[in-house]
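If you read the sequence shown in our numbering, its first letter stands for residue 33, the second for the next number, and so on. Down below is the structure, laid out as structure tokens.
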Amino acid sequence: MREVRLAPSILAADFGRLGAHCREATAAGVDWLHVDVMDGHFVPNLTMGPLVVAALRPLANETGCILDVHLMIEAPDVLIPAFVQAGADMVTVHVEACRHLHRTIHHIKELGCRAGVALNPATPLAWLVEILPDVDLALIMSVNPGFGGQSYIPGSTDKIRRLRQMLDAIGSDAWLEVDGGIKPDNAAEAAGAGADVLVAGSAIFGGPHSVAENVAAFRQALAIYRKSPE
Ligand code: DX5
Ligand code: ZN
């Protein structure tokens, strides 16, 4: 069993003190930072670009955490080089946005970056069959992308389970990431179904508790999926 990773989504962070807020997460021991890029076309919201990735790169270098860039944009091919150059470790594109998905995935890899593929809630897993052997990460959206703070779609758990079977069947060691509405009270359900990277925005950067307390709540919920407490 692979250890489950937490990937705090900086979408829910305080942008007025983004670096310090992210540092609270890395200090709490998280090993990924998830960057949600939205263009106002693929999803009805506009967020951040390569400059934010570049601004977080020194923190990632210092702590060894992975900058996980989730592109919810209509024309990813145009912007992929800029995100890689800015310091992304992983670039994930949506199958729904890529007319030539194989070309796009290999473009990311040729630029020296790891490549992921994401599926919206209503997109069938069958869309992944041909590309799965080529990716480093497969992302199940457990909310409709566009906004933080939405509720986990219950059917996602079965989709995670079926994707885990597909990955195992081809002997893939790609990460299975789940994104949207993940909280301490459903984290173990997603991990138990086979997820090994859990994105959480509002449950880590939002609410009345500190980032450290929120991360601790996840660690407790995921204790059986981690080798040792950190
Ligand atoms: C949704 C984004 C998610 C989201 C997660 O479009 O891709 O990463 O910000 O936020 P929470 O955990 O608040 O659902
Ligand atoms: Zn995301």
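Just so you know, even glycine gets a beta-carbon here, dropped at the ideal spot from N, CA and C. Bear in mind that the values here come from a model prediction, so they are computed numbers and not experimental data.
- For residue 153 against residue 188, the beta-carbon gap comes to about 7 Å, under 8 Å, which counts as contact.
- The continuous beta strand (DSSP E) containing residue 173 extends over residues 169-173.
- The beta carbon of residue 141 lies closer than 7 Å to those of 147 in the same chain, with the five residues before and after it left out.
- The residue from 76, 68, 114, 57 with its alpha-carbon nearest to that of residue 91 is 57.
- Between residue 208 and residue 185, the CB-CB gap reaches or exceeds 8 Å.
- Between residue 115 and residue 82, the C-beta spacing is below 8 Å.
- Here the distance from the Cβ of residue 102 to the nearest heavy atom of the ligand ZN is below 7 Å.
- Taking the C-beta atoms as reference points, residue 110 is found no nearer than 8 Å to residue 69.
- Taking 8 Å as the upper bound for CB-CB distance, residue 229 and residue 214 are not in contact here, some 10 Å apart.
- In the DSSP assignment, residue 40 is bridged to 232.
- Between the alpha carbons of residue 164 and residue 42 lies a gap of roughly 27 Å.
- Residue environment for residue 251: buried (at least 16 other C-beta atoms within 10 angstroms of its C-beta).
- Here the distance from the Cβ of residue 123 to the nearest heavy atom of the ligand DX5 is not below 7 Å.
- Secondary-structure assignment with DSSP links residue 209 through a beta bridge to 171, 229.
- For residue 126, the enclosing beta strand (DSSP E) starts and ends at 122-126.
- A buried status is given to residue 88, since no fewer than 16 other beta-carbon atoms sit within 10 Å of its beta-carbon.
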